[in-house]
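Everything on this sheet refers to the single structure shown next.
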Amino acid sequence: MSELTTDREIDRSKMQVSDEVAIEISGMNKWYGSFHVLRDINLTVNQGERIVIAGPSGSGKSTLIRCLNALEEHQQGKIVVDGIELTSDLKNIDKIRSEVGMCFQHFNLFPHLSILENCTLAPIWVRKTPRKEAEETAMHFLEKVKIPEQADKYPGQLSGGQQQRVAIARSLCMRPRIMLFDEPTSALDPEMIKEVLDTMIELAEEGMTMLCVTHEMGFARQVANRVIFMDAGQIVEQNEPEEFFNNPKSERTKLFLSQILGH
Amino acid sequence: MSDIGFVRKDMLPEQAPPASEVGIIGWVRENLFSGIGNSVMTILSLAAIFYTLAALLPWVFSPTWNAGSLNECREILHAQGKEGHFAGACWGVIRERWIQLMFGFYPSDLYWRPIVTFGLMFVAVIPILFNMISRRMNWFLLAVVILLATFAFGGIIAWVLRILSAAGAAYLAYTLFATDKADRAEQIAQGAKRLPNPLIFSALFPFIFPWLLWGGSLWVPIGAILGFVIGYYVYAALAKTVGGLAGLIAGPLAAIIWWLFLVGTFAGVMESIIPLSIEAVESRKFGGFMLSITIGVVAIVGSLPLGIVLALGRQSDLLIVKALCVGFIEFIRGVPLITLLFVASTLLNVFMPPGTNFDIILRVLIMVTLFAAAYMAEVVRGGLAALPTGQYEGADSLGLNYWQAQRLVIMPQALKISIPGIVSTFIGVFKDTTLVSIIGLLDPLGLTNAIRADANWNGVVWELYGFIAVLFFVFCFSMSRYSMYLERKLQTGHK
């Protein structure tokens, strides 16, 4: 699993971390009923960072990034996304959601709409973009994820990898400043994982701020500037990828890495 | 020394299937005679079908169309040497009474009104049912208006219609001939684009429909439309100045006050200035299939939106909204329709101020619609439950608000999943309209009693009920086929 995701040279000219803060989480706690799922999370993400969140299943990594656009509610602490604090105010939540793109494990495309309509829905209704302009934007991003020829098909007619690329294009059509990926390749065949990761790498090359929950350690190594390891709802270790993989500090991280990279 | 190695050198070409898989013989062998047991079953079934038809068809094709009474029928059959209870059908009763089965006791010189109403109903629903928003339907509408203006009315209504049709014809002609382009087809296409959207007529039809059937002043439906306009403006004004919630409460409130207390005055005053009315027909003269269709269509059209709102309310996070919806649904579903109809026909009057005249058909319409809505809510809830949560999350993550997500993402899919259930409910509601005969309304079943009480037709059973059954079957079967068409059309995924 540790082999590289891509053998081409990654263009790092635009992959720069700025001083501007994109996301700030401080003292955040979350419970599911009486189960304490996220414990005292403190995390600052700067504009342009590419963060990979790893950890065993049930460690709360998906819950963490789902809290960032209020798909899950946190009960304690403070989350500030793009300068807006996440409260129960619906207007703030909708504003943040339109600035933060998200890709899901199961794509969550809308099966009753064509690919093009999937991509233009939110720009037309949330951003009030004229239809024609929205369609041009959509085609631009579909070309970017290399499936413009599928624009008139329906999600059910596409392969998993293609669907995930459409999902990425759909998020990009809202011109988000931050992208969240929740295990984007976990539901895909090995052949299709690569095409999705390629798309994500291109996105990183353009300087997008990204938070990815993924088990693709090759991607973490090559693209991320920071790897966060979570266990039991806490951040156990975070470091630069080189240091994280070659020289893990925590015993828990060592165990996890030996299991995931061991074969 | 292993011999498990194998490499295919050429790929195998496709071959024609064996004869047993294709063609008529293949089909018959496969489906009818694939084994001894199946062959026996096939032959037995064919025999059963044969004997049934052999008994039924001579009864159906009996030459009694012109008979004037049951006795005449018997004489005609006797002359042919047929005797006994099942000698042949007596179709004379249908010939003599089918008009009554259609319109009940509606005044015969006004039959054109229900006919036009149901004709226009097709114009109104076709763009919705078949998503066929063709602006050329305006031609059809104009033709109907011209026909009405020529034949139907006297007095000022006729003049209004004549002016309308002249203006309409001029406008249509203008759309056709105003452009200078040489290309005629292009010209017509361009002209058609300038015509009004036929959905405007679909939206107006709910107001035209009761006016044409019950008659009275045209100012009443106009007043009803004004209620919506007033409600909207109150909402818009308050939403801007005070806030969205105040508008949402005050807008509908203003409209309801207008409808309950002011429309009557408004219509009366306008009527005295410009009289625009057609002869009023009382509810107790309504009957036959006209009544069934009226109740069925109103209940169907009303129950779907109401059911959707109830289903959403039942899923709501707001405790009181949820409790109200659950209470309503469970109460209505827990009570037989016939009880509700009795409440509508007798008990409701007890609670009304004395002297109030609350139309009986209106009461029935409200009860049947509420009844159907409760069932509809549960069918729609089934569709909502079948949607993966990912769809809600997908819509949320794009920044769509609640109503946008419901309208654009959730409802189109939930309704598509529940089409079979929705149409089943529609069909059930339409057939349930026959229950109104029990509270004394003369739907087709109620009329059969009146017809059979006639000395001429005393003893006719199968012909009447058979005729009614066939007509109901035609309506219900059409709905069923339409639902299958819709399911095919909306099929987008490959499973």
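As given, the protein sequences belong to chains A and B, one line each in that order. When you line the first sequence up against our numbering, it's residues 21 to 283, in that order. When you line the second sequence up against our numbering, it's residues 1218 to 1712, in that order. Note that the Cβ used here is the ideal one computed from N, Cα and C, for glycine as well. Because the structure is a prediction, the values reported are computed rather than measured.
Answer with buried or exposed for residue 138 of chain A, where buried requires no fewer than 16 other C-beta atoms within 10 angstroms of its C-beta. buried
Quick check: what's the CA-CA separation for residue 271 of chain A versus residue 56 of chain A? 23 Å
Does the pairing of the segment 70-81 of chain A with the segment 243-253 of chain A give three or more beta-carbon distances under 8 Å? yes
For the alpha helix (DSSP H) holding residue 1317 of chain B, just list the boundary residues, first then last. 1309-1320
Helix, strand or coil at residue 49 of chain A according to DSSP, with G and I counted as helix: strand
In the segment 159-183 of chain A, which residues sit with their C-beta less than 8 Å from some C-beta in chain B, listed in chain order? 174, 175, 176, 177
Report the start-end ranges of each beta strand (DSSP E) in the segment 193-229 of chain A that is 3 residues or longer and not cut off at the edges. 198-202
Taking the alpha-carbon positions, what's the residue 76 of chain A to residue 251 of chain A distance? 7 Å
Touching by the beta-carbon criterion (3+ pairs, under 8 Å), the segment 1683-1691 of chain B and the segment 1619-1631 of chain B: no
For residue 156 of chain A, name the three-state secondary structure that DSSP assigns. helix
Apply the 10 Å Cβ neighbour rule to residue 1520 of chain B and answer buried if 16 or more other Cβ atoms are within range, or exposed otherwise. buried
To the nearest angstrom, how far is it from the Cα of residue 1634 of chain B to the Cα of residue 1605 of chain B? 12 Å
For chain A, find out if any of its Cβ atoms is closer than 8 Å to the Cβ of residue 1637 of chain B; answer yes or no. no
Check this for me: beta carbons of residue 297 of chain A and residue 96 of chain A, under 8 Å apart or not? Shown here, chain A extends from 21 to 283; a query on residue 297 of chain A therefore has no answer.
How is residue 1398 of chain B classed by DSSP in three states: helix, strand or coil? Note that residue 1398 of chain B scores 49 on pLDDT, short of 50, meaning its location in the model is unreliable; the coordinates nonetheless yield the value given after this. The answer is coil: DSSP assigns residue 1398 of chain B none of H, G, I, E or B.
Check whether the segment 1521-1538 of chain B touches the segment 1547-1559 of chain B, counting contact only when three or more Cβ pairs, one atom from each stretch, lie closer than 8 Å. no
Min CB distance residue 1414 of chain B to chain A below 8 Å: no
Within 10 angstroms of the Cβ of residue 1177 of chain B, are there 16 or more other Cβ atoms? Answer buried if so, exposed if not. Examination of residue 1177 of chain B is not possible in this model, given that chain B is present from 1218 through 1712 alone.
Would you grab the beta carbon distance between residue 1588 of chain B and residue 1554 of chain B for me? Rounded to a whole angstrom, and I think it's under 8 Å. 5 Å
Buried or exposed by the 16-neighbour rule on C-beta atoms within 10 Å, applied to residue 1431 of chain B: buried
So, does the CB of residue 94 of chain A fall closer than 8 Å to a CB anywhere in chain B? no
Classification of residue 1466 of chain B by the beta-carbon crowding that lies within 10 angstroms, buried from 16 upward: exposed
Counting only the same chain and skipping the five closest in sequence on each side, list residues whose C-beta sits under 8 Å from that of residue 123 of chain A. 184, 187, 188, 191, 199, 200, 201, 202, 204
Using the three-state DSSP reduction, which class does residue 1251 of chain B fall into: helix, strand or coil? coil
Looking at the unbroken beta strand (DSSP E) that takes in residue 286 of chain A, where does it start and where does it end? Because residue 286 of chain A is not part of the residues shown, which for chain A are 21 to 283, the question remains open.
Spell out the partners DSSP gives residue 286 of chain A in its beta bridges. Past the boundaries of the shown model lies residue 286 of chain A; chain A is included only from 21 to 283, so the question cannot be answered.
Helix, strand or coil: how does DSSP classify residue 1474 of chain B here? helix
So, does the segment 1487-1505 of chain B touch the segment 1319-1328 of chain B, judging by three or more C-beta pairs under 8 Å? yes
Chain A contact for residue 1398 of chain B (CB, 8 Å cutoff): Model confidence at residue 1398 of chain B stands at a pLDDT of 49, short of 50, so the residue's coordinates are unreliable; what they give is reported in the following sentence. Taking Cβ atoms only, chain A never reaches closer than 8 Å to residue 1398 of chain B, which makes this a no.
Tell me which residue opens and which closes the alpha helix (DSSP H) that residue 1440 of chain B is part of. 1436-1458
Between the segment 1620-1635 of chain B and chain A, which residues of the former have CB atoms less than 7 Å from a CB of the latter, in chain order? 1621, 1625, 1626, 1629, 1630, 1633
What is the C-beta distance between residue 255 of chain A and residue 61 of chain A, in whole angstroms, given that I count them as a contact (C-beta under 8 Å)? 6 Å
In whole angstroms, what separates the C-alpha of residue 1457 of chain B from that of residue 1450 of chain B? 11 Å
Cross-chain neighbours of residue 118 of chain A in chain B, by beta carbon under 8 Å: 1615, 1616
Between B:1337, B:1221, B:1257, which has its C-alpha nearest residue 1424 of chain B's C-alpha? B:1337
Just verifying my parser: in three-state terms, what is the DSSP assignment at residue 125 of chain A? coil
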